[in-house]
Amino acid sequence: MNLFRLCGDMFHLLSIMVLLLKIRATRSCRGISLKTQELYALVFVCRYLDLFYSFISVYNSFMKVTFLATAFSIVRYMRYDKVVKQTYDREQDTFRYVFLIAPCLLLALVLNHRFTLTEVLWTFSIYLEAVAILPQLVLMQRTQNIDNLTANYVALLGAYRGFYILNWIYRFATERHYRQWIVWISGVIQTALYADFFFYYALCWKANKRLQLPA
Amino acid sequence: NDEWQRKDEL
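For the protein sequence lines, the chains are A and B, in the order given. Just so we're on the same page, the working numbering is the position in the first sequence counted from 1, plus 105. Just so we're on the same page, the working numbering is the position in the second sequence counted from 1, plus 1240.
See the structure below:
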C-alpha cells in the first residue's frame, strides 16, 4: 500500500458517496446512467469473488464489501425507489450493454493469466471497468444541464483512475516482478476516456460556469 | 506471490 493507491481508493469511495448523497438528499438520479451503475455492480461481483477464498487484509475486504453494497444500493434506488426512479433519464440512457459486455468477455477468454473461471471473471472485470463509464459519458453529452454533483461524481472517478496510474508507476519502480500488463493497458484506456471530460470540466471550472459538454 | 501481487488492489 502506498500513498497514491490510498488516495485512489479514497477518491473512488468519495465518488460513490457523492452519488449516494445526491440520490438520497435530492431524491433524484437525473443525469446518472443506470447502465454505468449496473456495469459497475457487475464489475465488483466478478472481481470480488475472491472474498470467498482469499484474504489479503481487513482494509481490502472491508473496501470490497463496501463497494459491493454501495453499488447495489445505487442500482436499487434507481430501479425500485418510487420517487427516485421517476427522475431516471430512461430515454437518453440508451447505450447497449451487449456492446460493452460481449467484447470484454471475449477478450477475457482470450487474454488472461490462467484459463480458470475465477481468473477469467477477474480479467473480464478489469476490461469491463475500463469501459463501464461510457454510458455515463454519452448520457452527459446528451444532457443540456449537468448538475454539479453529477459533474463532481465523474471528476472524482477520474481522480481515482489518475491516482491508480501513479500507484502502478510507483509499484513498477519499487516492486520486483510487478508486470501487470492487463491491468495497465486497461487502466490507461479507462483513464484516457476521462481526458475529454476533464478538459471541459477544467474549462467550466475556470470560468466558474456550469458544466456543459459540446454535442 | 505473483497472483497475490496482482490482486491486492481493488
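No residue lacks a Cβ here, since even glycine has one placed at the ideal position from N, Cα and C.
Legend entry - For Ile161 of chain A, three-class secondary structure by DSSP: If DSSP states are grouped into helix, strand and coil, Ile161 of chain A belongs with coil.
Inset, instruction - Keeping to the same chain, check which residues put their C-beta closer than 7 Å to that of Tyr232 of chain A; ignore five residues upstream and five downstream. - result: Cys209, Leu212, Ala213 and Ser291
Inset, instruction - Taking 8 Å as the threshold, find out whether the region 174 to 182 of chain A comes into contact with the region 118 to 128 of chain A through three or more Cβ pairs. - result: yes
Legend entry - Coil, strand or helix - Asp114 of chain A by DSSP: helix
Inset, instruction - Drop a sphere of 10 angstroms on the beta-carbon of Tyr153 of chain A, count the other beta-carbons inside from all chains shown, and report buried for 16 or more, exposed for fewer. - result: buried
Inset, instruction - Rounded to whole angstroms, what's the CA-CA distance from Ala312 of chain A to Arg135 of chain A? Just pull it up for me. - result: 24 Å
Legend entry - Selection of the region 276 to 309 of chain A by Cβ proximity to chain B, strictly under 8 Å: Glu280, His282, Tyr283, Gln285 and Val288
Inset, instruction - With a floor of 3 residues, list each beta strand (DSSP E) that falls wholly inside the region 160 to 218 of chain A, ordered by position along the chain. - result: none
Inset, instruction - Starting from Met168 of chain A, find everything on chain B with Cβ-Cβ shorter than 8 Å and list it in chain order. - result: Residues of chain B passing the Cβ test: Leu1250.
Inset, instruction - Tell me whether the beta-carbon of Phe304 of chain A lies closer than 9 Å to the beta-carbon of Gly113 of chain A. - result: no
Legend entry - CB contact below 9 Å: Ile179 of chain A versus chain B: No, because no Cβ of chain B sits closer than 9 Å to the Cβ of Ile179 of chain A.
Inset, instruction - Report the residue from A:Tyr182, A:Trp273 and A:Ala207 whose alpha carbon sits nearest the alpha carbon of Thr131 of chain A. - result: The candidate whose alpha carbon is nearest that of Thr131 of chain A is A:Tyr182.
Inset, instruction - Decide if the region 200 to 207 of chain A is in contact with the region 239 to 257 of chain A; the criterion is three or more beta carbon pairs, one per stretch, under 8 Å apart. - result: yes
Legend entry - Three CB pairs or more closer than 8 Å across the region 189 to 197 of chain A and the region 150 to 167 of chain A: no
Inset, instruction - Output the residue ranges of the alpha helix (DSSP H) runs that lie fully inside the region 240 to 280 of chain A and measure 4 residues or longer, sorted by chain position. - result: Taking only runs of at least 4 residues, the alpha helix (DSSP H) segments lying wholly in the region 240 to 280 of chain A are 253 to 279.
Legend entry - Alpha-carbon to alpha-carbon, Ser230 of chain A and Val150 of chain A: Cα to Cα, Val150 of chain A sits roughly 8 Å from Ser230 of chain A.
Legend entry - Exposed unless 16 or more other CB atoms sit within 10 angstroms - verdict on Val215 of chain A: Counting every other CB atom within 10 Å of its CB across the protein chains shown gives Val215 of chain A a total below 16, marking it as exposed.
Legend entry - Helix, strand or coil at Asp301 of chain A [DSSP, three-state]: helix
Legend entry - Any chain B beta carbon closer than 9 Å to Asn217 of chain A: Taking Cβ atoms only, chain B never reaches closer than 9 Å to Asn217 of chain A, which makes this a no.
Inset, instruction - Could you tell me if Glu280 of chain A is buried or exposed, where buried requires 16 or more neighbouring beta carbons within 10 angstroms of its beta carbon? - result: exposed
Legend entry - Min CB distance Ser120 of chain A to chain B below 9 Å: Residue contact with chain B for Ser120 of chain A: absent (no Cβ-Cβ distance below 9 Å to any residue of chain B).
Legend entry - Integer Cβ distance of Ile179 of chain A from Leu125 of chain A, believed to fall under 8 Å: 6 Å
Inset, instruction - At 8 Å on the CB atoms, spell out the chain B contacts of Arg110 of chain A, in chain order. - result: Against chain B, a Cβ distance below 8 Å from Arg110 of chain A picks out Glu1249.
Legend entry - Other residues of its chain near His117 of chain A: CB distance less than 6 Å, five sequence neighbours each side excluded: Tyr265
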